[in-house]
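Visitor: These protein sequence lines are chains A and B, in that order. Numbered per my numbering, the first sequence spans residues 9 to 415. Numbered per my numbering, the second sequence spans residues 15 to 294. Pasting a structure here, questions to come.
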Amino acid sequence: MSVTSPPNTLREGPNENGHFGIFGGRYVAETLMPLILEVEAAWKRAKVDPLFWSELEYYRKHYIGRPSPLYFASRLTDHFQGAKLYFKRDELNHTGAHKINNVMGQALIARRMGKTKIIAETGAGQHGVATATACALFNLECEVFMGAEDVIRQKPNVDRMRLLGAKIHSVTSGSATLKDAMNEALRYWVSKAETHFYIIGTVAGPHPYPQMVRDFQCIIGEETKQQMFEAEGRLPDTLVACIGGGSNAIGLFHPFLDDDVEIIGVEAAGHGIDSNQHAASLAGGKPGILHGNRTYLLQNIDGQITEAHSISAGLDYPGIGPEHSWLFETGRVKYVNATDNEALEAFALCSKMEGIIPALEPSHALAYIEKIIRSLPKQHIVVMNLCGRGDKDLEAVLPRLEEMGKL
Amino acid sequence: MTYYKEQRIKLLFEKLSNEKRGGLGVFITASDPSLQISQDILRGLPAAGADMIEFGMPFSDPMADGPTIQAAGLRALKAGGSLKRTLEMVEVFRKTDNNTPLILMGYYNPIYNYGVENFLNRAIAAGADGLIVVDLPPEEDGELCLPAIKHGLPFVRLTAPTSDNERLPVILKNASGFIYYVSIMGITGTQSFAIEGVRNSVKSLKSHTELPIAVGFGIKTKQDVSEITRIADAAIVGSAVVDVIEKSLDANGNGNAKTVEDALALVQDLASGIRPKPQL
């Protein structure tokens, strides 16, 4: 923590210009400015409108299936012989991940703005599927930008999006992965400003997106707090979540920022931080400007953005949400990492011990928990955000687990 | 602190006004397709008819650029292009040309990474005359625009068809050098402009600012240059020139003497489209 006097709350950011400390902001071309100012105005109106929240609450309950359970992972707890482990089961949401929490909120805003067409970027395809789902529900046209590499790697999700009625733009520019999909979606948006709303999938992009997406994901942490009081009569001691852009993590963390709770974010270390083939922006990057905000980025000495690597397509992004960069620099949240192989082992362990096949993304969080939980006292409570289910990953995971002798 | 004194942009637009004609701005990406060929094209631009040069600082993720200039940036980076090298190229250019305004155009991250003060001092020392940094809107003026003004270096603003009467004063507040009007809603080199819309927008801009107005994005041909320079102070052509560079490359993506020749021949052709502005 900073030695100067801390603010009364860590939850009031960003400021009116979208800055969290030096991070965040609106670093976009003038051609995009009117669009994001329009989104900001609509978001400000919706935020104070009880009708908006009651409408969202309806869909959360009846369509997404919230609240998601807070589940005591008793076999893993017994196995580790350390602290008690709880899972926040956001993989049980409709479409199988936390992404839908944000998409429903933004889709309702788009409708209020009278927009009839939706753009989204996607890496692993989870955000794309969630967006295509909401668009089917609300009868909105949906166009999803996806790196050509990812279109091949994540074919089942591409098929799901097509079935849901979305049009896929396979992006071949740059390195043909998530960052290029986002570049292309932003370029496309500029030319379609009148009719299109851009649903960004993570807590990145220009203001107001990092704040707006966070506020829609905060339902994860708010429910967790209440459910933990019901289960244990107190706050948890430690929260752990994986981080790519960081939307599931900020959703769990944010409602606890002012509480006496240890908070840990787990980045993807790929083949290892020293290998230079990883997706850990905080551990291996430095501050820079990309996709409309200042944040920690993987970049070379000349400020050119470099490729991220993670076995998990959802964490395979060279940046991180600006609020995480701020929480990192203030020291409120501790950021660590886990490698591809560690995540694969946790993937297998969770499947066998709990009957839950986790996505590769939260497998990184579980991998880190395994490193610390044995040495924690039995009354200590750890909550992990199980933010997605692993069906989508089987094709990538099974050959690797066979190699490792884990099947 | 290095202070900018040359005023080449101002002198150019005074000259154009005296000659009663519009100007031609030409964009190329530094180090595309190689350091040497790019330097040769740069050196030849003024004689070929470019009144002003937009010199692109390559960036891996150019958010406002279409496929042509994206590809040029990747070629430049592959050829070893960097911000440091771009500034060295400007320095070399100034050994043979002391009049043609050269505006550095690009994205903020390489500059931020280089260090704003360091960048401004070196850009001015190298002989640059202004900056166009696409992803720095007025909301982020504290980053580079205000420091540049302190150094006396013009910070050129982009305005768009969507910049309405409410937005324009915000954009123009700290603008200097000239105004770069983006003629289409989109990215570089993709669509074509509608001349009536451009005429109205330029007229509206003129009522808000004394600064000269240059028009860019979507201007490809001699005919386009001719139409635009009748109604604005300058036309800027980028993708069309970069496209000629790309087409001249061999199967391995290497340039040659023909690359320089073809690029400069196109600029000569574009410059022949410049007509005097009608007398008012």
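The C-beta atom is built at its ideal place from N, Cα and C for all residues, glycine as well.
In whole angstroms, give me the CA-to-CA distance for Phe336 of chain A and Val40 of chain B.
Guide: 44 Å
Visitor: Closest Cβ-Cβ distance between Met9 of chain A and chain B: below 8 Å?
Guide: Note that Met9 of chain A scores a pLDDT of 44, beneath 50, so its modelled location is shaky; the value from the coordinates is reported in the next line. Chain B contact via Cβ: absent.
Visitor: Comparing the C-beta of Glu154 of chain B with each C-beta of chain D, is any distance below 8 Å?
Guide: Of the protein chains in this structure, namely A and B, none is chain D.
Visitor: Kindly list the residues whose CB is nearer than 6 Å to the CB of Gly166 of chain B, restricted to its own chain and excluding five residues on each side of it in sequence; keep chain order.
Guide: Excluding positions up to five away in sequence, the list reads Tyr17, Tyr18.
Visitor: Please state if the CB of Gly252 of chain A and the CB of Leu194 of chain A are separated by a distance shorter than 8 Å.
Guide: no
Visitor: Compare the Cα-Cα distances from Gly142 of chain B to each of B:Asn179, B:Thr110, B:Val104 and report the closest residue.
Guide: The sequence given here has Ala at residue 142 of chain B, not Gly. Ranking the options by Cα distance to Ala142 of chain B, first place goes to B:Val104.
Visitor: Determine the direct distance from the alpha carbon of Ile185 of chain B to that of Thr223 of chain B, and round the result to whole angstroms.
Guide: Thr223 of chain B and Ile185 of chain B have their C-alpha atoms spaced approximately 11 Å apart.
Visitor: Residues in the same chain with beta-carbon distance under 7 Å from Ser215 of chain B, minus the five sequence neighbours each way, listed in chain order, please.
Guide: Pro175, Tyr195
Visitor: Give me the Cα-Cα distance between Ala239 of chain A and Leu78 of chain A, rounded to the nearest whole angstrom.
Guide: Between the alpha carbons of Ala239 of chain A and Leu78 of chain A lies a gap of roughly 9 Å.
Visitor: Only counting the same chain, and skipping five residues up and downstream in sequence, which positions put a Cβ closer than 8 Å to that of Lys294 of chain A?
Guide: Tyr304, Leu305, Gln307
Visitor: For Ile163 of chain B, report the span of its beta strand (DSSP E) as first-last.
Guide: Where Ile163 of chain B is concerned, there is no enclosing beta strand (DSSP E), although the alpha helix (DSSP H) it sits in stretches over 159–164.
Visitor: Give the DSSP-derived three-state secondary structure of Gly293 of chain A in the structure shown.
Guide: coil
Visitor: Between which two residues does the alpha helix (DSSP H) containing Phe224 of chain A stretch?
Guide: Counting along the chain, the unbroken alpha helix (DSSP H) around Phe224 of chain A starts and ends at 217–225.
Visitor: Verify the CB distance criterion: does Arg53 of chain A have a CB-CB separation below 8 Å to chain B?
Guide: It does not; no Cβ of chain B falls within 8 Å.
Visitor: Here's the rule I'm using: 16 or more other beta-carbon atoms within 10 Å means buried, otherwise exposed. How should Phe205 of chain A be labelled?
Guide: buried
Visitor: Determine the chain B residues that contact Asn191 of chain A at a beta-carbon separation under 9 Å, and present them in chain order.
Guide: Asp75, Pro76, Met77, Gln84
Visitor: Any C-beta of chain A within less than 9 Å: which residues of the stretch 170–183 of chain B qualify?
Guide: Arg171, Leu172, Thr173, Ala174, Pro175, Thr176, Ser177, Asp178, Arg181
Visitor: Assuming Ile163 of chain B and Arg213 of chain B are in contact, meaning their beta carbons sit under 8 Å apart, how far apart are those beta carbons, in whole angstroms?
Guide: The pair is not a contact, with the Cβ atoms about 31 Å apart (cut-off 8 Å).
Visitor: Based on Cα-Cα distance, which residue from A:Arg408, A:His388, A:Gly273 lies nearest to Ala375 of chain A?
Guide: Distances from the alpha-carbon of Ala375 of chain A to those of A:Arg408, A:His388, A:Gly273 put A:Gly273 closest.
Visitor: What is the DSSP secondary structure of Gly58 of chain B, counted as helix, strand or coil?
Guide: Gly58 of chain B falls in the helix class under three-state DSSP.
Visitor: Per DSSP, which residues does Lys125 of chain A bridge with? Please list them.
Guide: A:Glu149, A:His204
Visitor: Return the bridge partner residues of Asn301 of chain A from the DSSP annotation.
Guide: A:Leu298
Visitor: If you measure beta-carbon to beta-carbon, which residues of the stretch 255–275 of chain B are closer than 8 Å to chain A?
Guide: Of all residues in the stretch 255–275 of chain B, none has a Cβ within less than 8 Å of some Cβ in chain A.
Visitor: Is the Cβ of Tyr35 of chain A closer than 8 Å to any Cβ of chain B?
Guide: yes
Visitor: Measuring CB atoms only, is the stretch 328–344 of chain A touching the stretch 250–269 of chain A, in the sense that at least three cross pairs come out at less than 8 Å?
Guide: With a cut-off of 8 Å, the stretch 250–269 of chain A and the stretch 328–344 of chain A count as touching, because enough Cβ pairs lie within range.
Visitor: Using Cβ-Cβ distances below 9 Å, what residues of the stretch 122–154 of chain B are close to chain A?
Guide: Tyr122, Asn123, Pro124, Ile125, Tyr126, Asn127, Tyr128, Val148, Asp149, Leu150, Pro151, Pro152, Glu153, Glu154
Visitor: With 8 Å as the threshold, decide whether the Cβ of Thr124 of chain A is near any Cβ in chain B.
Guide: no
Visitor: When you compare only the Cα positions, how much space is there between Ala85 of chain B and Lys236 of chain B?
Guide: 24 Å
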